[in-house]
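Here's the structure we're looking at; comments come further down.
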Amino acid sequence: MTSAIIEITGAVKHFGEVRAVDGVDLGIRAGEIFGLIGHNGAGKSTLFKTMLGLLPLTAGSIRIDGQAVRGRDFREVRRRIGYLPENVVFYDNLSGLETLAFFARLKGVAAGACAGLLEKVGLGHAARRRVRGYSKGMRQRLGLAQALLGDPAILFLDEPTTGLDPEAIREFYVLVGELRDRGATVVLTSHILAEIQARVDRLAIMKSGRIQATGTLSGLREAMDLPLVFHVTLRPGAAGALREALAPLGLPEVQGEGDRLVVRVARADKMAVLGVLARLNDRVVDIHVHEPSLEDVFLGYAA
Amino acid sequence: MRVIAAKEFSDRIRNRWVLAVAAVFAVFALAISYFGGAQQGAVGVQGMEVTIASLVSLVIYLIPLIALMLGFDAVVGERERGSLDLLLSMPLTRFELLLGKFLGLSAALAASTLAGFGLAGAMLVMQWPEGSLWHYAGFMLSALLMGMAFLSMAVAVSVVVADRARASGLAIALWFFFVLVYDLTLLGILVVSEGRLDLDFFPLLLLANPADVFRILNIFSLEEVKTLYGLATVIPEAYTSPWLLAGIMVLWMILPLSLAAWKFK
Numbered sequence: 002m003t004s005a006i007i008e009i010t011g012a013v014k015h016f017g018e019v020r021a022v023d024g025v026d027l028g029i030r031a032g033e034i035f036g037l038i039g040h041n042g043a044g045k046s047t048l049f050k051t052m053l054g055l056l057p058l059t060a061g062s063i064r065i066d067g068q069a070v071r072g073r074d075f076r077e078v079r080r081r082i083g084y085l086p087e088n089v090v091f092y093d094n095l096s097g098l099e100t101l102a103f104f105a106r107l108k109g110v111a112a113g114a115c116a117g118l119l120e121k122v123g124l125g126h127a128a129r130r131r132v133r134g135y136s137k138g139m140r141q142r143l144g145l146a147q148a149l150l151g152d153p154a155i156l157f158l159d160e161p162t163t164g165l166d167p168e169a170i171r172e173f174y175v176l177v178g179e180l181r182d183r184g185a186t187v188v189l190t191s192h193i194l195a196e197i198q199a200r201v202d203r204l205a206i207m208k209s210g211r212i213q214a215t216g217t218l219s220g221l222r223e224a225m226d227l228p229l230v231f232h233v234t235l236r237p238g239a240a241g242a243l244r245e246a247l248a249p250l251g252l253p254e255v256q257g258e259g260d261r262l263v264v265r266v267a268r269a270d271k272m273a274v275l276g277v278l279a280r281l282n283d284r285v286v287d288i289h290v291h292e293p294s295l296e297d298v299f300l301g302y303a304a
Numbered sequence: 003m004r005v006i007a008a009k010e011f012s013d014r015i016r017n018r019w020v021l022a023v024a025a026v027f028a029v030f031a032l033a034i035s036y037f038g039g040a041q042q043g044a045v046g047v048q049g050m051e052v053t054i055a056s057l058v059s060l061v062i063y064l065i066p067l068i069a070l071m072l073g074f075d076a077v078v079g080e081r082e083r084g085s086l087d088l089l090l091s092m093p094l095t096r097f098e099l100l101l102g103k104f105l106g107l108s109a110a111l112a113a114s115t116l117a118g119f120g121l122a123g124a125m126l127v128m129q130w131p132e133g134s135l136w137h138y139a140g141f142m143l144s145a146l147l148m149g150m151a152f153l154s155m156a157v158a159v160s161v162v163v164a165d166r167a168r169a170s171g172l173a174i175a176l177w178f179f180f181v182l183v184y185d186l187t188l189l190g191i192l193v194v195s196e197g198r199l200d201l202d203f204f205p206l207l208l209l210a211n212p213a214d215v216f217r218i219l220n221i222f223s224l225e226e227v228k229t230l231y232g233l234a235t236v237i238p239e240a241y242t243s244p245w246l247l248a249g250i251m252v253l254w255m256i257l258p259l260s261l262a263a264w265k266f267k
């Protein structure tokens, strides 16, 4: 993977007996939205912190933009990194604007950008209020504004949408999309799989400190060969005819009662089943085809 | 680093820490000067030397405590609150973070020391003989140096311990040790040994404690009280050079901070 902007090679991080990260190899390409998914405690946040140089690795190496993350020259790379920690915490005594100005000074970013960023994340109205009075969602927005300071080329967002309402989550991913369109690389973690499945370019599934699989969602689906699920609604009395018509295909699973049947089909048999349903023609009222979700894929790999 | 220092300083201004401590210092200084002679049956502004000597006895307890309380959660507080990771992801080194914290808190300590004792001093100096100003300025400066030495210890504490509760415990323990236990222990050794011990190293032990250094710095500049304290009989003249003593104070700032920087890696 030559175009990787983040290269993780044999990364191991142990806390005493706990193997939080246990031999991870991963390449994240410039300009993609990369999702790191896993149960709580799978090692996502630890891997994140090692990627940012916040924790030293027990073994292995991580390079970002060609620089070792704990190396002397990583400081320059940091200027181009935005980071939103999980459960971000700010200083209660500062206002939103002061908070952002503080981090802007640390990053060497002109303070003039702060007010605009707060508008962008929907906090313009609360810019002069103290963070003490902010809701969880507002703190998260402030965290995002902080991560966006200085137009970062690489963004690390750890569980970025916790505490956000559905509308804010949608706005958040619009923002992330814009960043990607500008050429930024976005790495995010989540345990809400339904939320990120349509929004990441590639993802890695992490379990017990290891990467179980890496790829696009469709690639992972195909690799797992999870069955598609047909939900078929029939005219009264037609269930027997469908079961009969499907019998030659040797499908293991045809379930359901009365007029509603659920048929699990290997991806290879998809067209054959559709053919059967087409032949039944007016006896079929409705069909829903469910692709396996990221959750199904995830559960398959994490099992 | 300047950004961190500026934030620490402005935080202490905003939450009125500087104002409160300055007020305490000013009130104590004036009260000691005014009522210091009450035992002799006279109330009124005392002479400069007596006032400074009394202030030294008070400040030697107060400033180390204030400095330790000021700095004990500098790092562990951020860690416990959960704001440390974000700070460390910024383009600044861990040493810069430590130094920024130390300098910002030092500035807060300096502001309250100079404002508090300075205000009181301005009112007192007018009634004292010429030249008193320098003694008093020396007292303020040495008090600040001692404060910074203990602040440096506090910052080291905030790095090495795991949580705030332990940090405050260790800070209090350090205060007990340097301010109360240390001198008593030395005295105890002297008494128990009944003078059989070779006393050459004894003054060196006094120099190893920033609180004692502060005392020596101030007492030896005051002819009147020098003999009163009896310290002159213990400490050789060579050890009382203000430069040497100030140097020791600076060493007491550098060493704990270096330990902190090393442990923070």
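If you read the protein sequences in the order shown, they are chains D and H.
By my numbering, the letter at position 208 of the first sequence is numbered 209, and the numbering carries on one by one without gaps.
By my numbering, the letter at position 79 of the second sequence is numbered 81, and the numbering carries on one by one without gaps.
Every residue, glycine too, gets a C-beta built ideally from N, C-alpha and C.
Note that the coordinates shown come from a computational prediction; the quantities given were computed from them, not determined experimentally.
As a beta-bridge residue in DSSP terms, D:Y84 pairs with D:F157.
Contact between H:S170 and H:F27 does not hold, since the beta-carbon distance rounds to 22 Å and is not under 8 Å.
Short of 6 Å from the beta carbon of D:V230, and not among the five residues preceding or following it, lie these beta carbons of its own chain, in chain order: R265, H291. Counting the other CB atoms within 10 Å of its CB gives H:L111 a total of 16 or more, which places it among the buried residues.
The C-beta separation of H:A145 from H:T115 comes to about 6 Å, placing the pair in contact by the 8 Å criterion. Taking each of D:L281, D:G97, D:V233, D:G72 in turn and checking the Cα distance to D:G117, the smallest one comes out for D:G97. Cβ-Cβ separation between D:G61 and D:G125: approximately 43 Å, too far for a contact (criterion under 8 Å).
Interface annotation for the segment 108 to 121 of chain D against chain H: K108, G109, criterion Cβ-Cβ distance under 8 Å. For D:V290, the enclosing beta strand (DSSP E) starts and ends at 285 to 291.
Two segments are said to touch when three or more pairs of C-beta atoms, one from each, lie closer than 8 Å; by this definition the segment 82 to 97 of chain D touches the segment 153 to 164 of chain D. Contact annotation, D:L295 with D:L218: C-beta distance approximately 6 Å; criterion of less than 8 Å satisfied.
When CB distances to chain D are screened at a threshold of 7 Å, the residues of the segment 59 to 85 of chain H falling below it are R83, G84, S85, in chain order. For D:I63, the closest Cβ of chain H is not nearer than 9 Å. C-alpha of D:V13 to C-alpha of D:G24: approximately 5 Å in a straight line.
The C-beta of H:A158 has 16 or more other C-beta atoms within 10 Å across all chains shown, which makes the residue buried.
Interface flag for D:Y135 against chain H is unset, since no Cβ pair is found closer than 9 Å. Within the same chain, Cβ atoms closer than 6 Å to the Cβ of D:A21 are found at K14, G44, T47, G210, the five residues on either side in sequence being excluded. What D:V19 touches in chain H, judged by beta-carbon distance under 8 Å, is nothing: the nearest beta carbon there is about 17 Å away. Uninterrupted alpha helix (DSSP H) stretches at least 4 residues long and entirely within the segment 181 to 218 of chain D occur at 194 to 197, given in chain order. When 8 Å is used as the limit between beta carbons, H:L147 is near no residue of chain D, the shortest such separation being about 29 Å. Here H:K9 carries a helix assignment [DSSP, helix/strand/coil]. The C-alpha of H:V215 is placed about 44 Å away from the C-alpha of D:T51. D:G28: member of the beta strand (DSSP E) spanning 19 to 30, first to last residue. The residue among H:S35, H:R81, H:F266 with its C-alpha nearest the C-alpha of H:A167 is H:R81.
Looking only at D:A148, D:I9, D:I206, D:Q198, the smallest Cα-Cα distance to D:L180 is reached by D:A148. Apart from sequence neighbours up to five positions away, the residues of its chain that approach H:V58 with a beta-carbon distance below 8 Å are F141, F216, R217, N220, I221, ordered along the chain. Chain-order list of chain H residues neighbouring D:V90: R83, G84, S85, by C-beta distance under 7 Å. Looking at the backbone, the Cα of D:V187 and that of D:Y84 are separated by about 10 Å. Under a 10 Å Cβ-count criterion, H:F203 is classified as exposed, with fewer than 16 other Cβ atoms of the shown protein chains found around its own Cβ. DSSP places H:R96 in the uninterrupted alpha helix (DSSP H) bounded by 96 to 127. Taking 9 Å as the threshold, the shortest C-beta distance from D:L55 to chain H falls below it. Taking the Cα positions, H:V183 is about 20 Å away from H:S154. When Cβ pairs closer than 8 Å are counted between the two stretches, the segment 127 to 145 of chain D is seen not to touch the segment 114 to 132 of chain H, the count staying below three. Residues of the segment 3 to 37 of chain H whose Cβ lies closer than 9 Å to any Cβ of chain D, in chain order: R4, V5, I6, A8, K9, D13, R16, N17. For D:L229, the enclosing beta strand (DSSP E) has its first and last residue at 229 to 235.
Close to D:N41, with beta-carbon spacing below 8 Å, lies no residue of chain H; the smallest spacing is near 16 Å.
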